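**Student:** Handing you a structure now.
Chains as they are written, first to last, in my numbering: chain L, 788 to 1028; chain B, 58 to 777.
Here it is, written out as structure tokens:
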């Protein structure tokens, strides 16, 4: 039999089986903890830290998506310290990443009164859009490095290992090995990475074409070389909608 | 960022896994496909075909009005018309009247033997039920078949003989309950990609052990504990040698044999000759590997076998499948969670089309046409006079083609199939197609086969109609209309009902068999009244999650795995086996074995995927050749080669790869300009009538670039 753990979240007593994360335990009593990099179908890695909570007696804030419950734990999910941390995370994200395709993060910025202009001196992370195959495009200017795409390409779903991290620190990005085009990698174009991408950095090609102003008839009339994309990776001319 | 006008949940139209799709629609255009992460079959995972391959729906080659040929065609001088220039658009009224008139006349002149129909494993259960009903009731013909004959017929016949039911015994996702599983004659990674993911998870996360028995070094071999690289067509020897070892070492399940099976003694006797040494000589598989595989399978707590077309597509396809069934019966690895016999069905609805009676020997529900009380039941339901339905089992797919001619089959109705790509020995098939008097094609495109038709009836795609598909693990799932029919295209079930009423009028039938359906759910209800396994399947019960047949009544929850208490035929029957070589073996003139199959990015005859952006990822046919053979023949990677068999010749590029084994070349059969089936042999399994696609003898020679049919198309790929 699984052991039952009792704890308190936002002053509400909660009893859940051992092994539950704080995130999951909070859900059982209807407390929503915001998440960005967490996905039910992926292994959690506590990368974005938006789900941090305050646990009594802990020195640092604790990421709720990976931290497991323990007996007698007292958790604050929306204390001032937590709110400030989340707001700062959102402000740093918006100062470096193009969040225009991330309505959920934009809504969070609103909720936490995050100021998009808080870090005016920051360098945005800008990359050329990669259009090198007929199935999906990669716009890493929109990427927040949540790791989901890398994980579903590996043990979380496909065991394909076509993409991974490259570079270090601020220059970290998702890439293919040696920066080769996707068709030349082990990619099987299952599109699982597109399905779990939270920010529109990965997008089905026909959706992208529709958004850049092509009509369905124009899309279905593209030539093979246009469908295959730009192998030399020069940003294609965008049509205005 | 754009938002959808609507999101429609439906079932994938490609393989038998039956993944749930959500089609995102804007302005009647599907721009994105997602899958819910709680979907029961695929847990949100899709492959390239399901995720991106739906765009054939909008291909500009879609035919959207009924058409007839500009030049009337005559038997013997029929010519193909692949482009629109040879066709004239007409109204539905004109087209259906014409078809009804021509079919009725041929039937009245030559009788039921002149009529034949190819049903469609891509179409819904409802479409197939109605099509077989039309041919049985109006033309009194059982010449009704579909592509199951070309894929799993050997498995179906063997399973019927041995256990009495011919579907997968497990739910595909049960693979995580296997301790040991065998994959044979199946490249799961490319052909059932989502099941392959579950298999890999079973190995990597749940500790299952995999035994691959296959002449190709398929991708799953990377995850396997044992790989038995047999020569193509030697399955009976390998699996019977495993049975021999299990018998010798007394690893069998005596209790299971005593209580659940029959005919053990004569089977055991027939296994004596299959020593591992004998099997090694026949199959080329190291005897030690056979012994290890036998011990692993027999001593596992839960073991299951998964196979696809490498087993049935053979002149001894039924025997191949029986050799697997014997193993399961011998060890009792069946009838429990995580144990069983699992033919992985190819088409999205091949299970359903077979269940719906698109078969020459069976009414819906595998009820034999030559059994009097069953025929009477169908006569009562379909309003036919007693004794009216034909008791004579009909012709199979391949037999229909061979029977074309004076005194034989004169007319052919092709619903969605593409025999001019999928039949073996295509040069012979073409000759037979030319001899037909009247051909109707009901399809989306002028396929290689529809090009031979007199009349083209434009049907809708999966995204434009309602219905049900039954997937490989017997789950009946909803197909939903997401967009309006394109042009004048109509759902197949409506075309059939409209046509049947007209034919009834032409034939002067006053007692209608019932064609006034308002909705496909009514068709499934009629089928359920005749097929006990489908009695409890109702549209309102499968709105969210499909039910797994058998579903005997409306409160039954469905059946995740079969044979828990008994087999449908009572006891499971062992079958004694003898090794029979393939019909055509390599010799000096044709030194290589050709085996055919599919690739991840394409689907069967390619009529959908060659009209999709999928073909940009895999644009040309390629022959796989082992490096040792490449050296022997002086062929380099990407060289154009001519491949010749006793029946025909094609030119395509070579890929030098260890995916194939020495002495064996592999060619996918999707590509019209280098159609592998021009080479294949039309030798049949005597029981199942399935052709031997997996083994024939060929010769290969290096040729020049200018002999390639499509030299410009080339896409470097890095995937396995």
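Every residue gets a Cβ at the ideal spot worked out from N, C-alpha and C, and that includes glycine. A quick note: this is a predicted structure, and the numbers were derived from the prediction, not measured.
Please tell me whether residue 944(L) has its Cβ less than 8 Å away from any Cβ of chain B.
**Tutor:** Residue 944(L) sits at position 157 when you count from the first residue of the first chain. Yes, residue 944(L) lies at the interface with chain B (some Cβ there is under 8 Å from its Cβ).
**Student:** Which residues in the same chain as residue 94(B) place their Cβ atom closer than 8 Å to its Cβ, once the five residues preceding and following it in sequence are excluded?
**Tutor:** Translated into the one-based positions of the second chain, residue 94(B) becomes position 37. Result list for residue 94(B): 100 and 101, in chain order.
**Student:** Residues in its own chain within less than 8 Å of residue 334(B) by CB, not counting five upstream and five downstream?
**Tutor:** Counting from one through the second chain, the residue named residue 334(B) turns up at place 277. These residues qualify, in order along the chain: 344.
**Student:** Buried or exposed: where does residue 68(B) fall if 16 or more other Cβ atoms within 10 Å of its Cβ makes it buried?
**Tutor:** Counted from its first residue, the second chain places residue 68(B) at position 11. Flag for residue 68(B) reads buried.
**Student:** Could you tell me whether the region 409–423 of chain B touches the region 710–725 of chain B, where touching means 3 or more Cβ pairs closer than 8 Å?
**Tutor:** Judged by Cβ distances under 8 Å, the region 409–423 of chain B makes no contact with the region 710–725 of chain B, as fewer than three pairs qualify.
**Student:** Is there contact here, the region 689–702 of chain B with the region 622–635 of chain B, by at least three beta-carbon pairs under 8 Å?
**Tutor:** Segments in contact, no.
**Student:** Just reading off the alpha helix (DSSP H) that residue 704(B) is part of, what are its end residues?
**Tutor:** For the purposes of this step, residue 704(B) is identified with residue 647 of the second chain, where counting begins at 1. Careful: residue 704(B) lies outside any alpha helix (DSSP H) and carries neither H nor E.
**Student:** I'd like to check one pair, residue 698(B) with residue 711(B): are the Cβ atoms closer than 8 Å?
**Tutor:** Here residue 711(B) corresponds to residue number 654 of the second chain, with the count starting at 1. Here residue 698(B) corresponds to residue number 641 of the second chain, with the count starting at 1. Cβ atoms of residue 711(B) and residue 698(B): closer than 8 Å.
**Student:** Residue 709(B): which of 759(B), 753(B), 506(B) and 576(B) sits nearest, CA to CA?
**Tutor:** As a working note, residue 709(B) is residue 652 in the second chain. The option with the nearest alpha carbon to residue 709(B) is 759(B).
**Student:** Please report whether the beta-carbon of residue 1058(L) lies at a distance below 8 Å from any beta-carbon of chain B.
**Tutor:** With chain L represented from 788 up to 1028, any question about residue 1058(L) goes unanswered, as that position is not in the structure.
**Student:** Determine the direct distance from the alpha carbon of residue 286(B) to that of residue 599(B), and round the result to whole angstroms.
**Tutor:** To locate residue 599(B), count along the second chain from 1; it is residue 542. To locate residue 286(B), count along the second chain from 1; it is residue 229. If you take the alpha carbons of residue 599(B) and residue 286(B), they lie about 42 Å apart.
**Student:** For a quick check, are the C-beta atoms of residue 66(B) and residue 667(B) less than 8 Å apart?
**Tutor:** Looking up residue 66(B) in the second chain gives position 9. Looking up residue 667(B) in the second chain gives position 610. Against a cut-off of 8 Å, the Cβ pair of residue 667(B) and residue 66(B) comes out as no contact.
**Student:** Across which residues does DSSP place residue 533(B) in a beta bridge pair?
**Tutor:** Your numbering for residue 533(B) matches position 476 in the second chain. Note: residue 533(B) sits in a beta bridge opposite 527(B) and 604(B).
**Student:** Suppose you measure from the CA of residue 1022(L) to the CA of residue 106(B); what does that come to, to the nearest Å?
**Tutor:** What you label residue 1022(L) is simply residue 235 of the first chain in a count that begins at 1. What you label residue 106(B) is simply residue 49 of the second chain in a count that begins at 1. Because the pLDDT of residue 1022(L) is 41, which lies under 50, any placement of that residue in the model is unreliable, and the number read from its coordinates should be weighed accordingly. If you take the alpha carbons of residue 1022(L) and residue 106(B), they lie about 27 Å apart.
**Student:** Short of 7 Å Cβ to Cβ, which residues in the region 963–993 of chain L face chain B?
**Tutor:** Result list: 970, 971, 972, 973, 974, 975, 976, 977, 978, 979, 982, 987, 991 and 993.
**Student:** In chain B, which residues lie with their C-beta within 9 Å of the C-beta of residue 1008(L)?
**Tutor:** On the first chain, residue 1008(L) is found 221 positions in, with the first residue counted as 1. Here the neighbours are 117.
**Student:** Which residues of chain L have a Cβ atom closer than 7 Å to the Cβ of residue 101(B), listed in chain order?
**Tutor:** As a working mapping, residue 101(B) is identified with position 44 in the second chain. Per Cβ cutoff of 7 Å: 828 and 982.
**Student:** At a CB-CB cut-off below 7 Å, which residues of chain B make contact with residue 888(L)?
**Tutor:** Working through the first chain from its first residue, we reach residue 888(L) at position 101. Here the neighbours are 58.
**Student:** Mind checking residue 58(B): buried by the 16 CB within 10 Å criterion, or exposed?
**Tutor:** Locating residue 58(B) in the second chain gives position 1, where the first residue counts as 1. The residue is exposed, with fewer than 16 neighbouring Cβ atoms inside 10 Å.
**Student:** List the whole-angstrom C-beta distance separating residue 560(B) from residue 294(B), where the pair is believed to meet the contact cut-off of C-beta under 8 Å.
**Tutor:** Locating residue 560(B) in the second chain gives position 503, counting from the first residue. Locating residue 294(B) in the second chain gives position 237, counting from the first residue. Contact flag wrong, Cβ pair sits at about 51 Å.
**Student:** Whose C-beta lies closer than 7 Å to the C-beta of residue 938(L) among residues of the same chain, with five residues either side of it excluded?
**Tutor:** Position 151 of the first chain holds residue 938(L). Closer than 7 Å at Cβ, skipping near neighbours: 829 and 830.
**Student:** If I measure Cβ to Cβ from residue 941(L) and keep anything under 7 Å in the same chain, skipping five residues before and after, which residues do I get?
**Tutor:** Taking the first chain and counting its residues from 1, the one referred to as residue 941(L) is at position 154. Taken in chain order, the residues that qualify are 948.
**Student:** Can you tell me where the beta strand (DSSP E) holding residue 794(B) begins and where it ends?
**Tutor:** Lying outside 58 to 777, the shown extent of chain B, residue 794(B) is not represented and no answer is given.
**Student:** Establish whether the CB of residue 397(B) and some CB of chain L are separated by less than 8 Å.
**Tutor:** Position 340 of the second chain holds residue 397(B). It does not; no Cβ of chain L falls within 8 Å.
**Student:** Taking 8 Å as the CB-CB cut-off, is residue 544(B) touching chain L?
**Tutor:** Position 487 of the second chain, counting from 1, holds the residue named residue 544(B). Not closer than 8 Å to any Cβ of chain L, the Cβ of residue 544(B) fails to qualify, so no.
**Student:** Output needed in chain order: residues of the region 261–285 of chain B with a Cβ under 7 Å from some Cβ in chain L.
**Tutor:** Hits within the stretch, in order: 261.
**Student:** Would you report the Cα separation of residue 75(B) and residue 110(B), rounded to the nearest angstrom?
**Tutor:** Here residue 75(B) refers to the residue found at position 18 of the second chain. Here residue 110(B) refers to the residue found at position 53 of the second chain. Those two C-alpha atoms are separated by around 15 Å.
**Student:** Which of the three DSSP states, helix, strand or coil, is assigned to residue 248(B)?
**Tutor:** Working through the second chain from its first residue, we reach residue 248(B) at position 191. In this structure, residue 248(B) counts as helix in the three-state DSSP scheme.
**Student:** Specify the secondary structure class of residue 88(B) as computed by DSSP and reduced to three states.
**Tutor:** Taking the second chain and counting its residues from 1, the one referred to as residue 88(B) is at position 31. Here residue 88(B) sits in strand by DSSP.
**Student:** Can we say the region 396–411 of chain B touches the region 240–249 of chain B, given the rule of at least three CB pairs closer than 8 Å?
**Tutor:** Flag = yes, the region 396–411 of chain B and the region 240–249 of chain B touch.
**Student:** Our contact map puts residue 382(B) next to residue 374(B) with C-beta atoms below 8 Å; I'd like the distance itself, whole angstroms only.
**Tutor:** For the purposes of this step, residue 382(B) is identified with residue 325 of the second chain, where counting begins at 1. For the purposes of this step, residue 374(B) is identified with residue 317 of the second chain, where counting begins at 1. Actually they are not in contact, since the Cβ atoms of residue 382(B) and residue 374(B) sit about 13 Å apart, beyond 8 Å.
**Student:** On the CB-based measure, 16 or more other CB atoms within 10 Å of its CB, does residue 1035(L) come out buried or exposed?
**Tutor:** The structure shown does not extend to residue 1035(L), since chain L spans only 788 to 1028, so no value can be given for it.
**Student:** I want to verify the contact list: residues of chain B whose CB lies under 8 Å from the CB of residue 1015(L), in sequence order.
**Tutor:** If you number the first chain from 1, residue 1015(L) lands on position 228. 673 and 772, listed in chain order.
**Student:** Looking at the strands, I want to know which residues DSSP matches up with residue 568(B).
**Tutor:** As a first step, residue 568(B) must be located in the second chain, where it is residue number 511. In the DSSP output, where bridge partners are listed per residue, residue 568(B) has none listed.
**Student:** For residue 235(B), which option in 437(B), 355(B) and 704(B) has the closest C-alpha, if you only look at C-alpha atoms?
**Tutor:** Position 178 of the second chain, counted from the first residue, corresponds to residue 235(B). Per the Cα distances, 355(B).
**Student:** Do you know how far the Cα of residue 245(B) is from the Cα of residue 270(B)?
**Tutor:** Position 213 of the second chain, counting from 1, holds the residue named residue 270(B). Position 188 of the second chain, counting from 1, holds the residue named residue 245(B). So the two alpha carbons sit approximately 12 Å from each other.
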